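J.: Just so we're on the same page, the numbering used here is the position in the sequence shown counted from 1, plus 7. Every residue gets a Cβ at the ideal spot worked out from N, C-alpha and C, and that includes glycine. Note that the structure is predicted; figures quoted are calculated from it, not measured. Right, I'll just put the structure down here and ask away after.
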Amino acid sequence: MDSLASADERVAGDSPFAQSSAAQSRGPWRIAIYHNLQSGGGKRVVYEATRQFVARGHTVDLWFPETADDEFLPTSSLAHRAVRIPLRLPRAEAWPKVPFRAVAALLRLLRTLDRHGRQVARLLDAGNYDIVYAHEDRFTAGPAPLRYLQTPCAYFCGEPKRGLYGHATPADRSGTPIWRRAYQVVGQLSHRALLRSFDRASTRAARMVLTNSDYTRELIWRAHAVFAHTSYLGADPQRFCPVGRAEESLVLSVGELVPRKGHDVVIEAVARIPASRRPRVLVAANGGWEHERNRLR
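What follows is the structure, encoded as structure tokens:
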């Protein structure tokens, strides 16, 4: 995480942040970190960034809505102040019973998140921060507060939201009547178009976009026509070091137990290796769908 934590030092010379008082004085910064993430890799990035920023003498406040996870790697324990922001989502039973009700429900959700984004932006702007360091939103990828912030903001985008740009895992519609398939496809396309529009508007509003590799930088350019700065995450040598165990032929697949993570591709590929030299497959996941777990077994 050392390279990520040093992003505050790098941006000062060649970005809009160079005009901030913190960049000019090069003293400790007041940083607000905002996210609406579930447990997983993105949350690890937030946790390690917070830890490194605090270790370097910066004042870090953590802001997150009620829908964000704070049990897996509780970042609030590291920050100088942690603020949980109320967020009431539309109730499913209150969504209108109309054609394309999933699209209607999404519209209500996006309106709610947009209003919440305005509220969060006002709170952050009132906090007299030098920088807002934002991470993804579990619902929309690009967080809504980016649209309304006046404070300089860097957005760390792990990758464009899968399923919205390029290939999406097709749903199994075998046995479904043709008319219903057409209805479902149109609804799905409308759903994706709304989320893409929201995500793009939020991402393009950021003063700077950061990402974890040149590969994801290219994906972000294709999805948003935004140039992202690569900031490698690195590794903690105190944690990731030899432990003296015997070497083992092993394939490790890491990610949530959902189809888009592609664990099945790993399993099927390894299965093609002759049994005499086939490595063991280990899937490491922090959650997911029970039926996906059963399918992979």
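Return the chain-ordered ranges of every beta strand (DSSP E) run that is complete within the region 210–256 and spans a minimum of 3 residues.
T.: Listed in chain order, the complete beta strand (DSSP E) runs (minimum 3 residues) inside the region 210–256 are 215–218.
J.: Ignoring anything shorter than 4 residues, give me the alpha helix (DSSP H) runs that lie fully in the region 46–128, in order along the chain.
T.: 48–62
J.: Would you report the Cα separation of A2 and N43, rounded to the nearest angstrom?
T.: Residue 2 lies beyond the range of the chain shown here (8 to 304); nothing can be said about it.
J.: Does the distance from the C-beta atom of L226 to that of E166 stay below 7 angstroms?
T.: Counting from one through the sequence shown, the residue named residue 226 turns up at place 219. Counting from one through the sequence shown, the residue named residue 166 turns up at place 159. Against a cut-off of 7 angstroms, the Cβ pair of E166 and L226 comes out as a contact.
J.: If we ignore side chains and look at the alpha-carbon of each, how far apart do H87 and H65 end up?
T.: Translated into positions along the sequence shown, residue 87 becomes position 80. Translated into positions along the sequence shown, residue 65 becomes position 58. A straight-line Cα-Cα distance of about 10 angstroms links H87 and H65.
J.: Under the three-state reduction of DSSP, which class applies to L259: helix, strand or coil?
T.: Taking the first residue of the sequence shown as 1, we reach residue 259 at position 252. Three-state DSSP puts L259 in a strand.
J.: Determine the burial state of P152: buried for a count of at least 16 other Cβ atoms within 10 Å of its Cβ, exposed for fewer.
T.: Stepping through the sequence shown from its first residue, residue 152 is reached at position 145. Buried, since its Cβ has 16 or more Cβ neighbours within 10 Å.
J.: With a threshold of 6 angstroms on Cβ separation, who are the neighbours of R37 within its own chain once the five nearest residues in sequence on each side are excluded?
T.: For the purposes of this step, residue 37 is identified with residue 30 of the sequence shown, where counting begins at 1. So the list reads T66, Y136, D137, once near-sequence residues are dropped.
J.: Compare the Cα-Cα distances from L94 to each of F79, Q126, A112 and report the closest residue.
T.: Position 87 of the sequence shown, counted from the start, is the residue given in the question as residue 94. It is Q126 whose Cα lies nearest to the Cα of L94.
J.: Give the straight-line distance between the Cα atoms of L114 and W70, rounded to the nearest whole angstrom.
T.: Here residue 114 refers to the residue found at position 107 of the sequence shown. Here residue 70 refers to the residue found at position 63 of the sequence shown. Approximately 25 angstroms between the Cα atoms of the pair.
J.: Alpha carbon to alpha carbon, what distance is there between R267 and R169?
T.: Here residue 169 is taken as the residue at index 162 of the sequence shown, counted from 1. Here residue 267 is taken as the residue at index 260 of the sequence shown, counted from 1. Taking the straight line joining both Cα atoms gives about 8 angstroms.
J.: What is the DSSP secondary structure of L156, counted as helix, strand or coil?
T.: Here residue 156 corresponds to residue number 149 of the sequence shown, with the count starting at 1. Coil.
J.: Pick helix, strand or coil for R145, following the three-state DSSP scheme.
T.: For the purposes of this step, residue 145 is taken as residue 138 along the sequence shown, with counting starting at 1. Coil at R145, not helix or strand.
J.: Sort P97, A109, Y140, V110 by Cα distance to R305 and report the nearest one.
T.: A query on residue 305 cannot be resolved here, the shown segment of the chain reaching from 8 to 304 and no further.
J.: Can you tell me where the alpha helix (DSSP H) with L303 in it begins and where it stops?
T.: The residue you call residue 303 lines up with position 296 of the sequence shown. It spans 297–303 - the alpha helix (DSSP H) in which L303 sits, taken as one unbroken run.
J.: Can you grab the Cα-Cα spacing for the pair L85 / I280, in whole Å?
T.: Here residue 85 corresponds to residue number 78 of the sequence shown, with the count starting at 1. Here residue 280 corresponds to residue number 273 of the sequence shown, with the count starting at 1. Using only the alpha carbons, I get a separation of about 45 angstroms.
J.: Report the three-state DSSP secondary structure of V277 (helix, strand or coil).
T.: Translated into the one-based positions of the sequence shown, residue 277 becomes position 270. If DSSP states are grouped into helix, strand and coil, V277 belongs with the helices.
J.: Please report the straight-line C-alpha distance between Q31 and P159, rounded to a whole angstrom.
T.: Looking up residue 31 in the sequence shown gives position 24. Looking up residue 159 in the sequence shown gives position 152. The predicted position of Q31 is uncertain, since its pLDDT is 44 and thus under 50; no value can be drawn from it.
J.: By the 10 Å Cβ neighbour count, where 16 or more other Cβ atoms means buried, how is L171 classified, buried or exposed?
T.: Indexing the sequence shown from 1 puts residue 171 at position 164. By the neighbour-count rule (16 or more Cβ atoms within 10 Å), L171 is buried.
J.: Applying the criterion that 16 or more other CB atoms from any shown protein chain within 10 Å of the CB defines a buried residue, is F234 buried or exposed?
T.: Sequence index remark: in the sequence shown, residue 234 carries index 227 (1-based). F234 is exposed by the Cβ-count criterion.
J.: Taking 7 angstroms as the cut-off, decide whether the C-beta atoms of E254 and G294 are in contact.
T.: Looking up residue 254 in the sequence shown gives position 247. Looking up residue 294 in the sequence shown gives position 287. No.
J.: Roughly how many angstroms separate the alpha carbons of V216 and I40, rounded to a whole number?
T.: Start at 1 with the first residue of the sequence shown, and residue 216 comes out as number 209. Start at 1 with the first residue of the sequence shown, and residue 40 comes out as number 33. Going from the Cα of V216 to the Cα of I40 covers about 14 angstroms.
J.: Going by CA-CA distance only, name the one from H231, S220, R246 that's closest to T237.
T.: As a working mapping, residue 237 is identified with position 230 in the sequence shown. Nearest C-alpha to T237: S220.
J.: Rank L202, G241, T57 by C-alpha distance to the C-alpha of Y140 and give the top, closest one.
T.: Numbered from its first residue, the sequence shown carries residue 140 at position 133. Nearest C-alpha to Y140: T57.
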